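Number of protein chains: 2
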Amino acid sequence: MKAICILALAALTASLPAAAQFAKKDDAIDYRQSALSVMATHFGSLGAMAKGDVPYDAKAAQENADIVVFMSRLPWAGFGPGTEGGKAKPNVWTENAKFKELAGKMEGEAVKLAAAAKQGDVASLKAAFGATAGSCKACHDSFRNR
Amino acid sequence: MKAICILALAALTASLPAAAQFAKKDDAIDYRQSALSVMATHFGSLGAMAKGDVPYDAKAAQENADIVVFMSRLPWAGFGPGTEGGKAKPNVWTENAKFKELAGKMEGEAVKLAAAAKQGDVASLKAAFGATAGSCKACHDSFRNR
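Going line by line, the protein sequences match chains A and B. Just so you know, we're using the numbering used here here: the first sequence kicks off at 1106 and counts up by one. Just so you know, we're using the numbering used here here: the second sequence kicks off at 1106 and counts up by one.
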């Protein structure tokens, strides 16, 4: 059942790559920061539940996790050639294969997070939240300025 | 066929209300502005196609429109009680029923826009783009500071 959920989510999101276009560099920077910010808000709501700061709510957990999955696919279109700047370190562009690999790992963890949220128990959510948070941190440590 | 597409999209998005939570007023303002900005980027890509500024691409049109539909549901959670500010006029809160009505109309136009994008011709896209842009403007005219 878990595998089916993961596959279904992957199929859903695989049909929605980000097709964003930018006239100016600053538009791309604003776009990627906005997409990551929206994702972070919903990821934060899951974290509050995983940590017990707010009561566990299975329906809200699913909703937030589904939004995280959707948003996880969007930011990368905003890191195109010539869009250096913002909080991004220059190695986003000079080590782009590694950047894309870590971005893809986060997307994969988000899909697993949404599947875990559908299990309906806080223990599953907590484990998947931790794994996803780790994938955020791995990329931020290498590619984001503090 | 068009009706089926609209229903399918409505069902897809109806399962994903925004369940965002905010510790601070500025977080809510940042969230709604970010969500609206991401939506505007993808709506702008559709506009460029509708206006002939970039070549019509049926697949990209569908992708962008599906993202617009998804994003159209998110911003409203960021306009909760006590989050006055940003570009929002005070009447978002004092005339909240009207605000919600116009927001809902835009969500409905976005669903029709995505159905039009799936028709695969630029004329359908152009007509639906215009209607959706009108629903953005109607709300901005009443509720957004310039």
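Here a beta-carbon is modelled for each residue, glycine too, at the ideal position from N, C-alpha and C. All of these numbers come straight from a predicted model, not from anything done at the bench.
Using a 10 Å radius around the Cβ and a threshold of 16 neighbouring Cβ atoms, would you call residue i buried or exposed?
| i | result |
| --- | --- |
| Val1174/A | buried |
| Glu1206/A | exposed |
| Gly1183/B | buried |
| Ala1202/A | exposed |
| Asp1131/A | exposed |
| Asp1135/B | buried |
| Ala1219/B | buried |
May I have the straight-line CA-CA distance separating residue i from residue j, to the nearest angstrom?
| i | j | result |
| --- | --- | --- |
| Glu1212/B | Arg1178/B | 7 Å |
| Val1216/A | Asp1226/A | 17 Å |
| Ala1238/A | Ala1128/B | 20 Å |
| Thr1199/B | Lys1164/B | 41 Å |
| Pro1160/B | Ala1166/B | 11 Å |
| Gly1187/B | Lys1156/A | 26 Å |
| Asp1171/B | Gln1126/A | 15 Å |
| Asp1158/A | Val1197/A | 34 Å |
| Ala1243/A | Met1154/B | 38 Å |
| Ala1140/B | Asp1162/A | 23 Å |
| Ala1113/A | Phe1204/B | Note that Ala1113/A scores 46 on pLDDT, short of 50, meaning its location in the model is unreliable; the coordinates nonetheless yield the value given after this. Spanning the two alpha carbons is a distance of roughly 35 Å. |
| Ala1232/B | His1245/B | 20 Å |
| Val1143/B | Met1176/B | 7 Å |
| Cys1241/A | Glu1214/A | 9 Å |
| Ala1133/B | Gly1191/B | 10 Å |
| Gly1185/B | Leu1230/A | 27 Å |
| Ala1260/A | His1147/A | As displayed, chain A neither begins before 1106 nor continues past 1251, which places residue 1260/A out of reach and without an answer. |
Residue i: which of the options sits nearest, CA to CA?
| i | options | result |
| --- | --- | --- |
| Gly1149/A | Ile1134/A, Asp1131/A, Asn1169/A and Ala1140/A | Asn1169/A |
| Gly1209/A | Trp1181/A, Gly1187/A, Thr1188/A and Gln1224/A | Trp1181/A |
| Arg1137/B | Thr1188/A, Asp1132/A and Ala1145/A | Ala1145/A |
| Leu1151/A | Phe1234/A, Ser1247/A, Lys1242/A and Asn1250/A | Phe1234/A |
| Ala1236/A | Leu1141/A, Ala1221/A, Ala1193/A and Gly1191/A | Ala1221/A |
| Asn1250/A | Leu1141/A, Ala1193/A, Met1176/A and Glu1189/A | Ala1193/A |
| Pro1195/A | Phe1248/A, Ser1229/A, Met1176/A and Ala1232/A | Phe1248/A |
I want to see whether chain A comes within less than 8 Å of residue i, judged by CB atoms only; does it?
| i | result |
| --- | --- |
| Ala1215/B | no |
Give a yes or no on whether 8 Å exceeds the smallest Cβ distance from residue i to chain B.
| i | result |
| --- | --- |
| Ser1229/A | no |
| Gln1284/A | Outside the modelled stretch of chain A, which goes from 1106 to 1251, sits residue 1284/A, for which no answer is possible. |
| Ile1111/A | Interpretation of Ile1111/A is limited by its pLDDT of 45, a score under 50 that renders its predicted location unreliable; no figure is taken from the coordinates. |
| Asp1246/A | no |
| Ala1233/A | no |
Contact list for the region 1134-1145 of chain A against chain B, Cβ threshold 8 Å = Flagged, chain order: Asp1135, Tyr1136, Gln1138, Ser1139, Ala1140, Ser1142 and Val1143.
Cβ-based contacts, 8 Å cut-off: residues of the region 1145-1157 of chain B near chain A = When CB distances to chain A are screened at a threshold of 8 Å, the residues of the region 1145-1157 of chain B falling below it are Thr1146, His1147, Gly1149, Ser1150 and Ala1153, in chain order.
Where the region 1175-1201 of chain A meets chain B: residues whose CB sits under 7 Å from a CB there = Answer set for the region 1175-1201 of chain A: Phe1175 and Leu1179.
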